[in-house]
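Undergrad: I'd like to ask you about the structure that follows.
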Amino acid sequence: MTLTADVVVLGAGAAGLMCAATAGYQGQRVLLLDHTDKPGKKILMSGGGRCNFTNLNTTPANYLSANPHFCISALKRYTPQHFVELVERHGVDYVEKAPGQLFCSNSSKDILQVLLTEAEWAGIDLRMKTAIQQVTTTADGVCLHTSLGKVEAGALVIATGGLSIPTMGATGFGYDLARQFGLDVLPTRAGLVPFTLHPELKNSLAPLSGLSTEVAVSCRGKTFREPLLITHRGLSGPAMLQISSYWQPGDNLLINWLPTLDVVNQLKTLRQQQPRSTLAGWLQEHLPKRLASTLLTLLQEQGTSLPERLADLSNQQIENLAEQLHQWPIKPAGTEGYRTAEVTLGGVDTRNISSQNFAVQGLEQIRFIGEVLDVTGQLGGFNFQWAWASGFACGQGL
Ligand code: FDA
Numbered sequence: 001m002t003l004t005a006d007v008v009v010l011g012a013g014a015a016g017l018m019c020a021a022t023a024g025y026q027g028q029r030v031l032l033l034d035h036t037d038k039p040g041k042k043i044l045m046s047g048g049g050r051c052n053f054t055n056l057n058t059t060p061a062n063y064l065s066a067n068p069h070f071c072i073s074a075l076k077r078y079t080p081q082h083f084v085e086l087v088e089r090h091g092v093d094y095v096e097k098a099p100g101q102l103f104c105s106n107s108s109k110d111i112l113q114v115l116l117t118e119a120e121w122a123g124i125d126l127r128m129k130t131a132i133q134q135v136t137t138t139a140d141g142v143c144l145h146t147s148l149g150k151v152e153a154g155a156l157v158i159a160t161g162g163l164s165i166p167t168m169g170a171t172g173f174g175y176d177l178a179r180q181f182g183l184d185v186l187p188t189r190a191g192l193v194p195f196t197l198h199p200e201l202k203n204s205l206a207p208l209s210g211l212s213t214e215v216a217v218s219c220r221g222k223t224f225r226e227p228l229l230i231t232h233r234g235l236s237g238p239a240m241l242q243i244s245s246y247w248q249p250g251d252n253l254l255i256n257w258l259p260t261l262d263v264v265n266q267l268k269t270l271r272q273q274q275p276r277s278t279l280a281g282w283l284q285e286h287l288p289k290r291l292a293s294t295l296l297t298l299l300q301e302q303g304t305s306l307p308e309r310l311a312d313l314s315n316q317q318i319e320n321l322a323e324q325l326h327q328w329p330i331k332p333a334g335t336e337g338y339r340t341a342e343v344t345l346g347g348v349d350t351r352n353i354s355s356q357n358f359a360v361q362g363l364e365q366i367r368f369i370g371e372v373l374d375v376t377g378q379l380g381g382f383n384f385q386w387a388w389a390s391g392f393a394c395g396q397g398l
């Protein structure tokens, strides 16, 4: 049996569902195929189960890409406000947890339900548990060999996402198809991912597992001021996830443990006013106690000798200590990789793809959207906004 459709969308994730519904509303007969048993698995697990579904402050500067202008057009045509209107029309409650970051008040399920309802209203034929064996282009479209049989369509949209979290259905199939159609695939790596540490530092920090403190972390000219979380495997929390997308193996992270404090001025003043106070006591006032003592122990282990009382600190010691606390170098062993990464950096090179309708140059019937492309958002709802915006722009242009 041969199935026919105007458009086949591969991947019932965030971008694929949005694109399918948009194309369906344009009057296209859309077949949406996915190899897993349930659509939108990453939506369900996102934002700690509450889906950070957009960021009101989205700009192209929130995305990493070898072609930074590519995302501009779609982001302009489908803004966070458009998605907020959609969510409100469906009566979903949401909260702004951090500036600009919108989360469901109840559950990520609400966002998936919005998309599934839209897909149903738009008349989408959604088929799960469908394996795609082969894709070929024809004179007037595409032909797919699938576990459903042969499928013929006028256009194919590839929305198969990146490599993160293979247990949720992630595959490199979109990259294989891109190569088949002559596109470059830029090197991929895990992004928004916790760091692992070398055994010595890992063991020193292990007793602090679960502790969180606000830091500023820098690497390769980027700085993020957000909470850092110490885990039994290494370092996580928003600050670490954010910087992981910029970090390359071998790089040091520079951690400012006291981003709001001028350590030199404070210590010099206190040395005069409270000479009998201890250094440990002072640091414990500004950092979680156990972290403060661990940092002082680590400094001593590294050969920094520090007096107990503030009165005995020399100017040079104060300046050195300030530098150490404001720019504490940590060289991660690596990252936890795709197993836990929220996103995949790199991917299908956008330089031969239209930023208007996402068609491959010279192959109008083939389109790529969402995370499979080399466009990766920072933490905070930017990745879903890219999925919605690219899905919408592509769906409209079909
Ligand atoms: P997505 O991965 O959503 O969908 C791809 C679909 O293609 C899947 O359904 C998959 O089964 C299917 N597929 C793959 N290979 C296939 C094949 N060979 N054949 C058929 N189908 C195939 N972002 C954000 O903005 N806010 C947040 O709160 C979070 N939180 C978050 C938490 C966690 C734990 C993760 C892993 C990720 C996030 N993200 C996020 C990132 C966000 O989930 C991600 O960027 C989008 O889901 C990408 O949407 P896509 O539709 O491109 O891919």
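In the UniProt record's numbering, the protein residues as written are 1 to 398. Ideal Cβ placement from N, Cα and C applies to all residues, glycine included.
Rounded to the nearest angstrom, how far is the Cβ of Gly-377 from that of Cys-19, given a contact under 8 angstroms?
TA: Reading the sequence shown from its first residue, position 377 is the one you call residue 377. Reading the sequence shown from its first residue, position 19 is the one you call residue 19. Wrong, their Cβ atoms sit about 18 angstroms apart, outside the cutoff.
Undergrad: Within a Cβ cutoff of 6 angstroms, which residues of the same chain sit near Ala-21, ignoring the five residues on either side of it in sequence?
TA: What you label residue 21 is simply residue 21 of the sequence shown in a count that begins at 1. Cβ within range, chain order: Glu-118, Ala-119, Ala-122.
Undergrad: State the Cα-Cα distance for the pair Thr-278 and Glu-88, rounded to the nearest angstrom.
TA: Counting from one through the sequence shown, the residue named residue 278 turns up at place 278. Counting from one through the sequence shown, the residue named residue 88 turns up at place 88. About 55 angstroms.
Undergrad: Grouping DSSP H, G and I as helix and E and B as strand, with all else coil, what is Cys-51?
TA: Taking the sequence shown and counting its residues from 1, the one referred to as residue 51 is at position 51. Three-state DSSP puts Cys-51 in coil, outside helix and strand.
Undergrad: Would the C-beta of Val-151 count as close to the ligand FDA, meaning under 7 angstroms from any of its heavy atoms?
TA: What you label residue 151 is simply residue 151 of the sequence shown in a count that begins at 1. Outside the cutoff, so no.
Undergrad: Checking 8 angstroms against the spacing of the C-beta atoms, do Gly-100 and Leu-32 come in under that value?
TA: As a working mapping, residue 100 is identified with position 100 in the sequence shown. As a working mapping, residue 32 is identified with position 32 in the sequence shown. Cβ atoms of Gly-100 and Leu-32: not closer than 8 angstroms.
Undergrad: With a CB to CB cut of under 7 angstroms and the five nearest residues on each side skipped, what residues in its chain are close to Ile-124?
TA: Residue numbering aside, residue 124 sits at position 124 when the sequence shown is read from its first letter. So the qualifying residues of the chain are Ala-20, Ala-21, Gly-24, Val-30, Leu-32.
Undergrad: Using only alpha-carbon positions, find the residue among Phe-358, Leu-267, Thr-294 that is nearest to Glu-323.
TA: What you label residue 323 is simply residue 323 of the sequence shown in a count that begins at 1. Checking every option, the nearest Cα to that of Glu-323 belongs to Leu-267.
Undergrad: Please identify the residue among Ile-369, Tyr-338, Leu-363 whose C-alpha is closest to the C-alpha of Val-348.
TA: Position 348 of the sequence shown, counted from the start, is the residue given in the question as residue 348. Nearest C-alpha to Val-348: Ile-369.
Undergrad: Are the CB atoms of His-198 and Ala-333 nearer to each other than 8 angstroms?
TA: One-based indexing of the sequence shown puts residue 198 at position 198. One-based indexing of the sequence shown puts residue 333 at position 333. In contact: His-198 and Ala-333 (Cβ atoms closer than 8 angstroms).
Undergrad: List the DSSP bridge partners of Glu-226.
TA: As a first step, residue 226 is located in the sequence shown; it is residue number 226 there, counting from the start. Per DSSP, Val-215.
Undergrad: Mind checking whether Val-217 and Trp-257 have CB atoms under 8 angstroms apart?
TA: Indexing the sequence shown from 1 puts residue 217 at position 217. Indexing the sequence shown from 1 puts residue 257 at position 257. No, the pair does not count as a contact, with Cβ atoms beyond the cut-off.
Undergrad: Along the chain, where does the beta strand (DSSP E) that runs through His-232 open and close?
TA: In the sequence shown, counting from the first residue as 1, residue 232 sits at position 232. His-232 -> no beta strand (DSSP E), and no H or E assigned at all.
Undergrad: Report the residue from Ala-341, Ala-61, Thr-213, Asn-67 whose alpha carbon sits nearest the alpha carbon of Glu-285.
TA: Counting from 1 along the sequence shown, the entry for residue 285 is found at position 285. Nearest option by C-alpha distance: Thr-213.
Undergrad: From Thr-260 to Asn-62, what does the alpha carbon distance come to, in whole angstroms?
TA: Counting from 1 along the sequence shown, the entry for residue 260 is found at position 260. Counting from 1 along the sequence shown, the entry for residue 62 is found at position 62. Distance between the alpha carbons of Thr-260 and Asn-62 is about 24 angstroms.
Undergrad: In whole angstroms, what separates the C-alpha of Leu-86 from that of Glu-200?
TA: Looking up residue 86 in the sequence shown gives position 86. Looking up residue 200 in the sequence shown gives position 200. So the alpha carbons of these two residues sit roughly 50 angstroms apart.
Undergrad: Does Gly-370 come out as helix, strand or coil in the three-state DSSP assignment?
TA: Residue mapping note: residue 370 aligns to position 370 of the sequence shown, counting from 1. Helix at Gly-370.
Undergrad: Can you tell which of Asn-357, Thr-4, Leu-287, Gly-391 has its C-alpha closest to the C-alpha of residue 426?
TA: No answer is possible for residue 426: the residues shown for the chain start at 1 and end at 398.
Undergrad: Taking the runs of the beta strand (DSSP E) that are 3 residues or longer, which of them lie wholly in the stretch 114 to 199?
TA: 125 to 127, 132 to 138, 141 to 146, 149 to 158, 185 to 191, all fully within the stretch 114 to 199.
Undergrad: Since Trp-328 is in the alpha helix (DSSP H), which residue starts that stretch and which ends it?
TA: Taking the first residue of the sequence shown as position 1, residue 328 is located at position 328. Taken as a continuous stretch (DSSP letters only), Trp-328 belongs to no alpha helix (DSSP H), being part of the beta strand (DSSP E) at 328 to 330.
Undergrad: Comparing C-alpha positions only, which one of Phe-358, Gly-397, Gly-362, Ile-366 sits nearest to Cys-71?
TA: The count along the sequence shown starts at 1 and reaches residue 71 at position 71. Per the Cα distances, Phe-358.
Undergrad: State the DSSP-derived secondary structure class of Gly-281, mapped to helix, strand or coil.
TA: Mapped onto the sequence shown, residue 281 falls at position 281. Helix at Gly-281.
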